[in-house]
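Engineer: This is the structure I have questions about; it appears just below.
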Amino acid sequence: MTEQSPPSALSRLGLAFRVFFRTLFDPEFAGSTLDLLSGRVTKIESPQPKAPPPALLETSPDSALQLLGLLQQEGRLVDFLQEDVVRYSDDEIGAAVRVVHEGCRKVLNEHIILAPIRQEAEGARVSLEPGFDAAAMRPTGNVVGEPPFTGTLAHRGWRATEVRLPKLAQGHDVGVITPAEIEL
Amino acid sequence: MSESRYAVGVDLGTTHCALSCVDLASSEGEVVKLEICPIPQLTAPGSVEERPLLPSFLYLPHPDELAPGDLILPWVEGQAWAVGHLARDKGAQTPIRLVSSAKSWLCHGGVDRRAAILPTEAPQEIERISPFTTSVRYLEHLRRAWNQLHPEDPLEQQELTITIPASFDPAARELTAEAAEAAGYPHATLLEEPQSALYSWIQSTNGAWRDQVRVGDVILVIDVGGGTTDLSLIAVVEQEGALELHRVAVGEHILLGGDNMDLALAHTVAQKLAGQGTRLDPWQIRALTHGCRAAKETLLSDPEQISVPVVVPGRSSKLIGGTVRSELTGEEVRAIALDGFFPVVDAAARPASRARAGLTQLGLPYAQDAAVTRHLAAFLGRQAEATSDLEGFARYLPEGASFLHPTAVLFNGGVFKAQPLAERVMSVLNDWLAAEQSPAARLLEGADLDLAVAKGAAYYGYVRGGSGVRIRGGTAQAYYVGVESAMPAVPGMDPPVNALCIAPFGMEEGSEAELPPQEFGLIVGEPVRFRFFGSSVRRHDQVGTLLEFWDEEEVQELEGIEATLPAEGRAVGEVVPVRLSAAVTETGTLRLEALPRGGGERWKVEFEVRS
């Protein structure tokens, strides 16, 4: 339990009333109040220990922002996604996509080494052995019975085998995806 | 230097620098452990990455332009300048603060290379930097990058080789050696880039090079870098039963490279766009140049492809609305890159000549003729006699040959990644050869076009230790000082000058020329200047040879040299007779000294340093 700062005068007043009424009407609570007042208990233990919460990790936004910055810097990805494509013809969008594709591809090639998870051609018959890595290989459709499962490879999957992000100066503001440019 | 762990090669290029090393402990004979060393550098403000190449650009930022920490490097909190990727990118937006092509300036005799003159376009308030200091900055960056990655084996203790264009004159070589010393490279050796490319090719064959070249071969190395074209001829001779390589000739310094081609293509596209009413700003021209380079490679390697779209994004956040689209056709690329830079010419063609550079020229002396094939024809024509003194080459050329006939060609430089350019050079050369009844030259395959110079430099450091074949070179020029002739002066004309040979052709590293008999009077305490000349074709002049007349094609004036006799033990103003001695140092630079009569003193003669 974390150490709490002492309650304010106003909240102490409220607390005193709540203790007064519960002690008056709740015999069990009155016993606890007695224990507390006589010094037998200094802190009230919670009645049942809680189960530990599921392990969900907070990811640091820094590298996400850094990668977004790189995709913008090289491939203008943020500009592209923020623009309203409805107003433009497919030809115009196509020209811009070349910029985005070439730049973003360069960022991937330089910073995140990718490899397909399954080496077989898409459309091939593949089987999943018992104990297969469910994070890397996902059976879909008629998922019944016991592995080995046999099915058609719909997507080969991608795995990042290596990530090489630039090192950043201490205090570098990764929130700036791309700075405003002012031509003098 | 036997305790060096590595032989390290530094390619100090006009547009890129690279660092390579051979692990001496794990290399033996032809099994060499050679790698390219990554170079940490700023790739964006405050963002450091390792890249195989360090772009040779230096940016001088405004004090308020960047946030604190934006210029951080793994070894320093920040400096008043940036080099590498960030410098190049910032410079594209703010060219007045960008220093580029420092290496071309380093060998530009028309300016004082130690004076703060770059960027030439910078307004008054920007503190400029000299070509010399810029080179020091690049070398320092490379040294600290190496030391960062190899803290146990600091660069200062390794066997070091720095590459220079074969066409660098003595002053530029001296400046490079001095820059290396100033950057903390105590014992660097200089190596000519085309030789380095050949070393790299030899190394990459794992010993099989002996099957690909034979005694009697003359290998033409064509090195077209980003900004310069460098030519060399290397003959294969037999010495005590083993193959030996002799570099017999080097070409002139030609400021013409791959970047010129991409820029020419970009301007073609820009003109097309201007015709449609779209003007591009300099930033877009740069993006366009990149696009054109890629389009050029695609179009040249695939003749089926009629055109390739080239798109240039605008600078505003409206990407789709601001993107300019055009295309480059195969026809245009063939007309410009192929026929413009590598036209089919005959062997007697010569480049359109440039008027002799004035001594205070401001810009770089770019080649006036963009045709690499014409420069090649001029080089081979001038060097027709290059092998005449080599043993076994007496009957090498057919009767009446008008140019030197190479038997093999090695290409270097990213330009030749576009195969048709290399094929064009081969076909033009082979046409010349066929016209003079010589067999076609072979292409030496498997060269690493981008990194051969850096790799060859490290390999050279390894073979210097005694393993593997070495290319014998020596100076590729004979050197002369100007001596005023005794003829009466004619009003309105310069007094006639004779050229006295003080260093013969082909002086090897670590050798000293004999003393010429002629003496000069030096005035104590006063700098005395001499005119200085070089010839890449007069192979037979000995020390003391005096030329009264010469052809400008044959003997070229270099920058003047300057000797100052300190007043120690002499009266200022006294005239002391001296003789000029020439030596080639172990580093590979020419050293000139003035030796006063009857004494053991030696005074260094400086390649001219303008004040």
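Chains as they are written, first to last, in the working numbering: chain A, 4 to 187; chain F, 12 to 622. No residue lacks a Cβ here, since even glycine has one placed at the ideal position from N, Cα and C.
1. Measuring only between beta-carbons, confirm whether P169/A sits less than 7 Å from chain F.
2. For chain F, find out if any of its Cβ atoms is closer than 7 Å to the Cβ of V22/A; answer yes or no.
3. With a 10 Å radius around its C-beta and 16 neighbouring C-beta atoms as the bar for buried, classify R258/F as buried or exposed.
4. So D94/A is in the alpha helix (DSSP H); what residue range does that whole segment cover?
5. Shorter than 7 Å from the beta carbon of G479/F to some beta carbon of chain A?
6. Nearest by alpha-carbon distance to T145/F: which of A275/F, P362/F, E167/F, W116/F is it?
7. Identify whether G369/F lies in helix, strand or coil by the three-state DSSP scheme.
8. For I534/F, list the residues DSSP reports as bridge partners.
9. List the residues of chain A that L339/F touches, going by C-beta distances under 8 Å, in chain order.
10. Pull up the CB-CB distance for L455/F and G424/F, whole angstroms please, since I reckon it's below 8 Å.
11. Roughly how many whole angstroms lie between the Cα atoms of L171/A and Q76/A?
12. Since I513/F is in the beta strand (DSSP E), which residue starts that stretch and which ends it?
13. Name the residues in the region 91 to 105 of chain A whose C-beta lies less than 7 Å from a C-beta of chain F; which are they?
14. Is it the case that the Cβ atoms of G238/F and V426/F are separated by a distance below 7 Å?
15. Go to N145/A, then tell me how far its alpha helix (DSSP H) extends in each direction, as first and last residue.
16. Per DSSP, what are the beta-bridge partners of Y17/F in this structure?
17. For W86/F, which residues of its own chain have a beta-carbon under 7 Å away from its beta-carbon, when the five flanking residues on both sides are left out?
18. Does the pairing of the region 521 to 540 of chain F with the region 581 to 599 of chain F give three or more beta-carbon distances under 8 Å?
19. For N423/F, does the three-state DSSP call read helix, strand or coil?
20. Pull out every residue of the region 80 to 114 of chain F whose Cβ sits closer than 8 Å to any Cβ of chain A, in chain order.
21. At a Cβ threshold of 7 Å, is P66/F touching chain A?
22. Would you mind sorting P181/F into buried or exposed? The rule is 16 or more other CB atoms within 10 Å of its CB.
23. Using 8 Å for Cβ pairs, my map puts A594/F next to S522/F. What's the rounded Cβ distance?
24. Ends of the beta strand (DSSP E) at H301/F?
25. If we define contact as Cβ-Cβ less than 7 Å, is R336/F a contact residue for chain A?
26. What does G57/F touch in chain A if you count any residue whose Cβ is under 8 Å from its own?
27. Distance cutoff 7 Å, beta carbons only. Does F83/A sit that close to anything in chain F?
28. Is I572/F close to chain C, meaning its C-beta is less than 7 Å from at least one C-beta of that chain?
29. For the alpha helix (DSSP H) that contains H152/F, what are its first and last residues?
30. Taking C-alpha atoms, which residue in E563/F, D562/F, K615/F, V322/F lies nearest to L576/F?
31. Is the separation between the beta-carbon of A191/F and that of T600/F shorter than 7 Å?
32. For K170/A, which residues does DSSP report across the bridge?
33. Whole angstroms are fine: how far does the CA of E617/F sit from the CA of A127/F?
34. Would you mind reading off the limits of the beta strand (DSSP E) that contains K44/F?
35. Could you check whether L201/F and I173/F sit closer than 7 Å to each other, using their CB atoms as the reference points?
36. What's the C-alpha gap between G24/F and L69/F?
Structural biologist: The answer reads as follows:
1. yes
2. no
3. buried
4. 93 to 114
5. Not closer than 7 Å to any Cβ of chain A, the Cβ of G479/F fails to qualify, so no.
6. W116/F
7. With a pLDDT of only 38 at G369/F, under the threshold of 50, the placement of this residue in the model should not be trusted; the figure read from the coordinates follows. Three-state DSSP puts G369/F in coil, outside helix and strand.
8. Beta-bridge pairing links I534/F to V586/F.
9. None at all; the shortest Cβ gap to chain A is about 13 Å.
10. Actually they do not touch by this definition, with Cβ atoms about 14 Å apart.
11. 15 Å
12. 508 to 514
13. Y91, E95, I96, A98, A99, R101, V102
14. no
15. N145/A -> no alpha helix (DSSP H), and no H or E assigned at all.
16. D34/F
17. R155, Q159
18. Between the region 521 to 540 of chain F and the region 581 to 599 of chain F there are three or more inter-stretch CB-CB distances shorter than 8 Å, so the stretches are counted as touching.
19. In the structure shown, N423/F sits in a strand (DSSP, three-state: E or B).
20. G80, D81, I83, P85, Q104
21. no
22. buried
23. 7 Å
24. Here H301/F belongs to no beta strand (DSSP E); instead the alpha helix (DSSP H) covers 293 to 312.
25. yes
26. Those within 8 Å of G57/F in chain A are L171, A172, H175.
27. yes
28. No chain C appears in this structure, whose protein chains are A and F.
29. 142 to 160
30. Out of E563/F, D562/F, K615/F, V322/F, K615/F has the C-alpha closest to the C-alpha of L576/F.
31. Contact flag unset, no.
32. V59/F
33. 19 Å
34. Looking at the DSSP string, K44/F is not in any beta strand (DSSP E), and its letter there is neither H nor E.
35. yes
36. 13 Å
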